[in-house]
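Participant: Just passing along the structure, written as structure tokens.
There are 2 protein chains.
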Amino acid sequence: MVRSTALTGLTIHEAAALTGWSPRMLRYLDAARLVEPPRTAAGYRVFGPGELQRLRTLRELLARFGCSLSDMAFAKRLRQEAALRQTVERWLEAEPRRPEGVSPADWLAWEQEKHQRLIAA
Amino acid sequence: MVRSTALTGLTIHEAAALTGWSPRMLRYLDAARLVEPPRTAAGYRVFGPGELQRLRTLRELLARFGCSLSDMAFAKRLRQEAALRQTVERWLEAEPRRPEGVSPADWLAWEQEKHQRLIAA
DNA sequence: TGGACCTTACCACGATCGTGTGAAGGTCGA
DNA sequence: TCGACCTTCACACGATCGTGGTAAGGTCCA
Chain A
157 MVRSTALTGL TIHEAAALTG WSPRMLRYLD AARLVEPPRT AAGYRVFGPG ELQRLRTLRE
217 LLARFGCSLS DMAFAKRLRQ EAALRQTVER WLEAEPRRPE GVSPADWLAW EQEKHQRLIA
277 A
Chain B
157 MVRSTALTGL TIHEAAALTG WSPRMLRYLD AARLVEPPRT AAGYRVFGPG ELQRLRTLRE
217 LLARFGCSLS DMAFAKRLRQ EAALRQTVER WLEAEPRRPE GVSPADWLAW EQEKHQRLIA
277 A
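Chain order of the listed sequences is A and B.
In case it helps, our numbering puts the first sequence at residues 157 to 277.
In case it helps, our numbering puts the second sequence at residues 157 to 277.
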């Protein structure tokens, strides 16, 4: 037991007991690149207070907002991949809020103007 | 046929043919609140050029970045719900990058300092 | 050395996503 | 009025997600 001192950190079972996740899920979160604890030379995962805090807040975040792990993985992609972020941002931004009573003939002009606004932004 | 003029927009089958989505999926995207065309008084969906453009770019976005519709739905939540956005942002931002060779006794101080940085941000 | 831990790699299983199909009924135009 | 469209609802089905279990093998410590 108490190899914690030798590892200068907690083992996966200890971290599981302290955070409410199962050891299985801690490995899953590692594979999903959401919480990646460092490893010992032998490959053992080492959980420090940073990981424990991260695991607890992740737990609360999911419960509070009802979102999934894949949602969090996508949020991470959004933060890391600038091209993805910009493309998604522009797509969401372009909600087609047409003014009332616009005739079909005006569509093209409206769309072109919107396109200009997007380019300018 | 050609009730397009009466609707001043395209029907769901016409929009499907022009965008590569199936009518079924256009209804699904509507229910998922990703592309919500306006309705006629009788409840028919009316697709204008804005919706067509949105549908085409959505298609390309998914293919180019390999993301899912639920990913896009979550991106929309991130943009609309400030509390969710902030919480996710802070969680992602807090990647535990400890300096090398820090002793267990220093963990607490490190974590507290990080917490201060987060609050200040 | 032996036992308790760790690792990865599988198999399984319910829940959800993405998608098609069909039924039952309303709307529109010739 | 009739046929071709539209609507919602429901059932189905493969793929993925989230999760548990187990097996085969390596590591650590008393």
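Positions of the beta carbon are idealized from the N, C-alpha and C atoms, including for glycine.
In angstroms with no decimal places, state the Cα-to-Cα distance between A:F221 and B:A198.
Facilitator: 36 angstroms
Participant: Answer yes or no: does any C-beta atom of chain B fall closer than 7 angstroms to that of A:L240?
Facilitator: yes
Participant: Under 7 angstroms, Cβ to Cβ, is there at least one residue of chain B near A:V244?
Facilitator: Chain B contact via Cβ: present.
Participant: Name the chain A residues whose beta carbon is nearer than 7 angstroms to that of B:L174?
Facilitator: Correct list: empty, because the minimum Cβ distance to chain A is about 14 angstroms.
Participant: In the structure shown, what three-state DSSP assignment does B:R233 receive?
Facilitator: helix
Participant: Run the CB neighbour count on A:A219, radius 10 Å, all protein chains shown included, and call it buried at 16 or more, exposed below.
Facilitator: Under a 10 Å Cβ-count criterion, A:A219 is classified as exposed, with fewer than 16 other Cβ atoms of the shown protein chains found around its own Cβ.
Participant: Enumerate, from N- to C-terminal direction, the unbroken beta strand (DSSP E) stretches of 3 or more residues contained entirely within the region 171–225 of chain A.
Facilitator: none
Participant: Could you give the distance in angstroms between the alpha-carbon of B:E251 and the alpha-carbon of A:Y184?
Facilitator: Straight-line spacing of the CA atoms in B:E251 and A:Y184 works out to 17 angstroms.
Participant: Look at A:W247 and B:T213 and say whether their C-beta atoms are less than 7 angstroms apart.
Facilitator: yes
Participant: Cβ of B:A219 versus every heavy atom of the ligand GTP: is any distance shorter than 6 angstroms?
Facilitator: Looking for the ligand GTP in the displayed structure turns up nothing, as the structure carries no ligands at all.
Participant: Output needed for A:L174: all residues of its chain with C-beta closer than 8 angstroms, excluding positions within five of it in sequence on either side, in chain order.
Facilitator: L166, L208
Participant: Name, please, each residue of chain A whose Cβ falls closer than 7 angstroms to the Cβ of B:R235.
Facilitator: Simply L248.
Participant: Who are the near neighbours of A:L190 in its chain, counting only those whose CB is closer than 8 angstroms to its CB and skipping five residues on each side?
Facilitator: L214, L225, M228, A229, K232
Participant: In chain order, what residues of the same chain have a beta carbon less than 7 angstroms from the beta carbon of B:L240, not counting five sequence neighbours either side?
Facilitator: R233, L234
Participant: Does any residue of chain A have a CB that is nearer than 7 angstroms to the CB of B:L217?
Facilitator: Yes, its Cβ sits closer than 7 angstroms to a Cβ of chain A.
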